[in-house]
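Accompanying notes for the structure given below.
2 protein chains.
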Amino acid sequence: MAAEIVNPRSDNGADDGAQNEFFDPAFALHRGGKMEIRATVPVQDRDDLSLAYTPGVAKVCSAIAERPELVHDYTWKSQVVAVVTDGSAVLGLGDIGPEASLPVMEGKAILFKQFGGVDAVPIALDCREVDEIVETVARLAPSFGGINLEDISAPRCFEVERRLQERLDIPVFHDDQHGTAVVTLAALRNAARLTDRTLGELRAVISGAGAAGVAIARILVEAGIGDVAVCDRKGIVSPDREDLTEVKRELAGFTNKAGLSGTLETALDGADVFIGVSGGTVPEPAVARMAKNALIFAMANPTPEIHPDVAHKYAAVVATGRSDYPNQINNVLAFPGIFAGALQVRASRITEGMKLAAAEALAAVVADELSAECVIPSPFDERVAPAVTAAVAAAARAEGVARS
Amino acid sequence: MAAEIVNPRSDNGADDGAQNEFFDPAFALHRGGKMEIRATVPVQDRDDLSLAYTPGVAKVCSAIAERPELVHDYTWKSQVVAVVTDGSAVLGLGDIGPEASLPVMEGKAILFKQFGGVDAVPIALDCREVDEIVETVARLAPSFGGINLEDISAPRCFEVERRLQERLDIPVFHDDQHGTAVVTLAALRNAARLTDRTLGELRAVISGAGAAGVAIARILVEAGIGDVAVCDRKGIVSPDREDLTEVKRELAGFTNKAGLSGTLETALDGADVFIGVSGGTVPEPAVARMAKNALIFAMANPTPEIHPDVAHKYAAVVATGRSDYPNQINNVLAFPGIFAGALQVRASRITEGMKLAAAEALAAVVADELSAECVIPSPFDERVAPAVTAAVAAAARAEGVARS
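Chains as they are written, first to last, in UniProt numbering: chain A, 1 to 404; chain B, 1 to 404.
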């Protein structure tokens, strides 16, 4: 096959110097990238070409020009998501720029495929202004069935997402916000159930008011949490503070019904739930003052805000972001199924109801096997993606955003 | 595998109405699109994930942030080309917009893979201004090793290509121009050889002054053609005309040494070569007045400017754009190998020398089997892509634009 002979992947290695320098399994694995394009139709002879390309393709183009909705049937648009970043908030590394973020975006793309059957293309943008990002993504949107925003720093990420979703009729989803929020809610639902409580009986404290913290606060309120206070580096986000950004002012308006002000430690006093998405650390005495049967989700990577050994002294359920402890809060439990469900019914957006449905479905997967070590499924649990996909598709229909 | 279970491709069919409506093999083949993403690394268990995604991926990102050139080694950037269009000049269909152009772009993408081993992603843009297209493509360029412009109407295509190549350090290549030009030159070299002439002895006439016509004129002049006149709908492009666009004025400056003016028929009188990229028709009496041993390349699709049966009455060699006649001038003979060669050496651009080298290599493939029915290889000749790839890579090194 011609492709085999000239594939640049096979003979385009870096010099040996680089190879020796990075004698590390992660570098070896990443050589040449982690993904490729494959044709799903034959292109072996003239007959194949005359169907897949000219002259056959012209009929398909003409049909779409006449009936635009046919683009979903006769192209890969409704199977493919753009994974868009500007490289400004990548993992724990921060602002490393578009090129250096590509390994993460490729990783995300192959997770989309492996766990959701969704094709995904990394698009790392060389621009930073909200206007520029919005305009650029809007212009390339005709090629894609959905936009997954990734690793764009707060507070720009909020405005980018809002403005893009207003403008486009395909789902726009910032995974650092909503993926994390959906999985956290699912785990919290099960942890509450395990300790015989409803969400309405719980008072939660979130450490971190970035993309994840804001989205978790929102989804907990929507799901009916008793109360939730969000803390940033300066303490509890409350209306009396004068240093709040627009997003945090909004947050202060719908969280913290108790009207607390002060430090994270103050908020934790008697709280039922701790959710860490900050990367800071919480001193043990503050953990000790939480309520009985506390639920501790210390999700910072690689160092949880509260070490699991410490957390277990005081908590009924402990979750982290790490794969080497039980109860890993991992976005891969959510985004593949959420997009697969949305694409399946050609949803025009991903509504709050679809996210809540995703969390319900995710929680339900382990409903019959709940334990302190199992409030959330493993990322490799094969029941997860089909359950989330079906729930999201059904919710999209129920909410009137489905188009098939 | 989870991907199998929830793959939206399998259960996202259109309603039966649409299926019956388009009971045609081209539509059947296009259902669900023609391409997909595949992981090239395993993502089956926790160990796989910890290398391909967090935490392992962070080391790779950090290395690229420190040494930007490593992006070529550890991502798919140097394997992947964006196939960019605005849908303004698609096949013979014209301006059908970005969505309706996607089947062609997907077709192009799978040809890139099949014939050159190059991954390619369709990017159909929802914008039309030159500034907008240039700005958008420049912003998404960090994710790609090359930009293949496709089906963008003249004269905007010339400025888009020029400005993007000035701005980017990856190859920018408008295939409608240069792919066609390279294959035409290769066929013309062999046709001249077959009839015992050099290019310098030939006077050519090109019918059509769009993207392909302009690029063919340029490459013929660079390759040393005796003379070439280009005709648009109003006749021969010559300095005395006052209706010329900027591009045509430039064209008038370096073509038509004979100083002809008037109609296509005037130009054809005694000409050695006819190259049709116009879609018009040439009356037989004008063909009859061409020189002895004429070479007729009537490349309009599906209707050649001169029917092959008519052309054969007067010509020593006849080529068309159709696969059902001998000597098909098909871009797939050029673009896969040109990009494969450029990517292999991480060329910063595709120079004139690289295009000429591609044409030489392409012509040489059938040098030992030349006949009037074989002045250019078949698109399925497996010798083509490796030969073009090697020649283009070598030329890039010779011209100082290679970076590996």
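Backbone N, C-alpha and C fix where the C-beta goes; we use that ideal spot for every residue, glycine too.
Shortest alpha-carbon distance to residue i belongs to which of the options?
| i | options | result |
| --- | --- | --- |
| proline 42 of chain B | B/Ala372, B/Asp309, B/Leu51 | B/Leu51 |
| alanine 187 of chain A | A/Val401, A/Ala387, A/Pro377 | A/Pro377 |
| cysteine 374 of chain B | B/Gly145, B/Ser323, B/Ala391 | B/Ser323 |
| threonine 180 of chain A | A/Glu166, A/Gly208, A/Gln114 | A/Gly208 |
| glutamine 328 of chain B | B/Ala298, B/Ile338, B/Gly337 | B/Ala298 |
| glycine 146 of chain A | A/Asp119, A/Asn293, A/Lys355 | A/Asp119 |
| valine 205 of chain A | A/Pro308, A/Ala385, A/Val287, A/Tyr314 | A/Val287 |
| arginine 397 of chain B | B/Ala342, B/Asp240, B/Ala364, B/Phe23 | B/Ala342 |
| tryptophan 76 of chain A | A/Ile133, A/Gln344, A/Ala359 | A/Gln344 |
| alanine 58 of chain A | B/Ile96, B/Leu251, B/Arg46, B/Val60 | B/Ile96 |
| lysine 313 of chain A | A/Glu284, A/Leu202, A/Arg38, A/Phe173 | A/Glu284 |
| proline 386 of chain A | A/Arg403, A/Val365, A/Glu369 | A/Val365 |
| histidine 30 of chain A | B/Ala28, B/Phe27, B/Thr54, B/Gly33 | B/Thr54 |
| alanine 315 of chain A | A/Arg139, A/Thr195, A/Asn148, A/Val277 | A/Thr195 |
| glutamate 166 of chain A | A/Val134, A/Ala100, A/Ser143, A/Ser278 | A/Val134 |
| glutamate 161 of chain A | A/Asp131, A/Ser143, A/Ser278 | A/Asp131 |
| alanine 372 of chain B | B/Asp48, B/Arg193, B/Ile37, B/Asp126 | B/Arg193 |
| valine 384 of chain A | A/Val182, A/Ala212, A/Val247, A/Gly262 | A/Val182 |
| residue 407 of chain B | A/Glu129, A/Arg128, A/Arg139, A/Cys127 | Any answer about residue 407 of chain B is impossible in this case: the structure gives chain B only from 1 up to 404. |
| proline 25 of chain B | A/Gly33, A/Arg38, A/Ile37, A/Asp47 | A/Asp47 |
Enumerate in chain order the residues of its own chain whose CB-to-CB distance from residue i is below 7 Å, with the five nearest sequence positions on each side excluded.
| i | result |
| --- | --- |
| methionine 105 of chain B | Val83, Thr85, Pro122, Ala124, Glu150 |
| valine 388 of chain B | Ala334, Gly337, Ile338, Gly341, Ala358, Ala361, Leu362 |
| residue 406 of chain A | There is simply no residue 406 of chain A to check, as chain A begins at 1 and stops at 404 in what is shown. |
| leucine 251 of chain B | Ala209, Val214, Ala217, Val230, Val237 |
Going by beta carbon distance, what residues of the same chain come within less than 8 Å of residue i, once the five residues before and after it are set aside?
| i | result |
| --- | --- |
| alanine 3 of chain B | Only weak support exists for where alanine 3 of chain B lies, its pLDDT of 34 falling under 50; the coordinates are left without a value. |
| alanine 115 of chain A | For the sequence presented, residue 115 of chain A should be read as phenylalanine rather than alanine. Around phenylalanine 115 of chain A: Val332, Pro336, Gly337, Pro379, Val384, Ala385. |
Can you list the residues of chain B that residue i reaches, using a CB-CB cut of under 7 Å?
| i | result |
| --- | --- |
| methionine 35 of chain A | Ile37, Arg38, Ala39, Thr40, Trp76 |
| leucine 51 of chain A | Pro25, Ala26, Leu29 |
| glutamate 106 of chain A | Thr75, Trp76 |
What does residue i touch in chain B if you count any residue whose Cβ is under 8 Å from its own?
| i | result |
| --- | --- |
| residue 466 of chain A | Any property of residue 466 of chain A remains undetermined from this structure, which presents chain A solely from 1 to 404. |
| lysine 59 of chain A | Asp24, Ala26, Phe27 |
| valine 90 of chain A | Cys61 |
Based on DSSP bridge pairs, tell me the residues matched to residue i.
| i | result |
| --- | --- |
| threonine 85 of chain A | A/Ala124 |
| arginine 203 of chain B | B/Asp227 |
| isoleucine 147 of chain B | B/Ala82, B/Val172 |
| valine 273 of chain B | B/Ala204, B/Leu295 |
| methionine 35 of chain A | B/Ala39 |
| glutamine 328 of chain B | B/Thr320 |
| alanine 62 of chain A | Per the sequence shown, the amino acid found at residue 62 of chain A is serine instead of alanine. Answer by DSSP bridge pairing: none, since serine 62 of chain A is not bridged. |
| isoleucine 236 of chain A | A/Cys231 |
| alanine 215 of chain A | None; alanine 215 of chain A has no bridge partner. |
| serine 371 of chain A | A/Cys374 |
| alanine 315 of chain B | B/Ala294 |
| glycine 210 of chain B | DSSP, once it has assigned bridges, lists no residue as partnering glycine 210 of chain B. |
Excluding the 5 residues flanking residue i on each side, which residues of the same chain have their C-beta closer than 6 Å to its C-beta?
| i | result |
| --- | --- |
| alanine 291 of chain A | Gly270, Asp272 |
| leucine 295 of chain A | Ala191, Val273, Val317 |
| alanine 319 of chain A | Ala187, Phe297, Asn327, Ile329 |
| leucine 168 of chain A | Ala141 |
| proline 304 of chain A | Ala298, Thr320 |
| arginine 403 of chain A | Arg346 |
| valine 282 of chain A | Glu305, Ile306 |
| serine 348 of chain B | Asp169, Val401 |
| glutamate 399 of chain B | Thr351, Gly353 |
| aspartate 15 of chain A | Any reading at aspartate 15 of chain A must be qualified, since the residue scores a pLDDT of 44, below 50, and its modelled position is unreliable; no value is offered. |
| phenylalanine 158 of chain B | Val247 |
| glycine 17 of chain A | The predicted model places glycine 17 of chain A with a pLDDT of 42, which falls under 50 and marks its position as unreliable, so this point remains unresolved. |
Can you name the residues of chain A whose CB is closer than 9 Å to the CB of residue i?
| i | result |
| --- | --- |
| valine 134 of chain B | Ordered by position in chain A, no residue passes the 9 Å Cβ test against valine 134 of chain B, which lies about 12 Å from the chain. |
| asparagine 301 of chain B | Thr54, Pro55 |
| cysteine 157 of chain B | Chain A residues near cysteine 157 of chain B: none, gap ~17 Å exceeds 9 Å. |
| isoleucine 96 of chain B | Cys61, Ser62, Ile64, Ala65 |
Closer than 9 Å by beta-carbon distance: list the chain B residues that pair up with residue i, in chain order.
| i | result |
| --- | --- |
| phenylalanine 380 of chain A | Ala2, Gln44, Asp45, Arg46, Leu49 |
| glycine 32 of chain A | Thr40, Asp73, Tyr74, Thr75, Trp76, Ser78, Gln79 |
| alanine 109 of chain A | Ile37, Ala39 |
| isoleucine 216 of chain A | Result: empty, since nearest Cβ-Cβ is about 19 Å, beyond 9 Å. |
Which chain A residues sit within Cβ distance under 7 Å of residue i?
| i | result |
| --- | --- |
| glutamate 99 of chain B | Ile64, Pro68, Val71, Pro142 |
Segment contact flag, the region 88-100 of chain A with the region 147-157 of chain A, C-beta cutoff 8 Å, min 3 pairs: yes
Touch test, the region 263-275 of chain B against the region 220-236 of chain B, Cβ-Cβ under 8 Å, three pairs minimum: yes
Segment contact flag, the region 62-73 of chain A with the region 105-114 of chain A, C-beta cutoff 8 Å, min 3 pairs: no
Contact the region 388-396 of chain B vs the region 348-357 of chain B: 3+ CB pairs below 8 Å: yes
Stretch pair the region 224-232 of chain A + the region 251-262 of chain A: three plus CB contacts closer than 8 Å: yes
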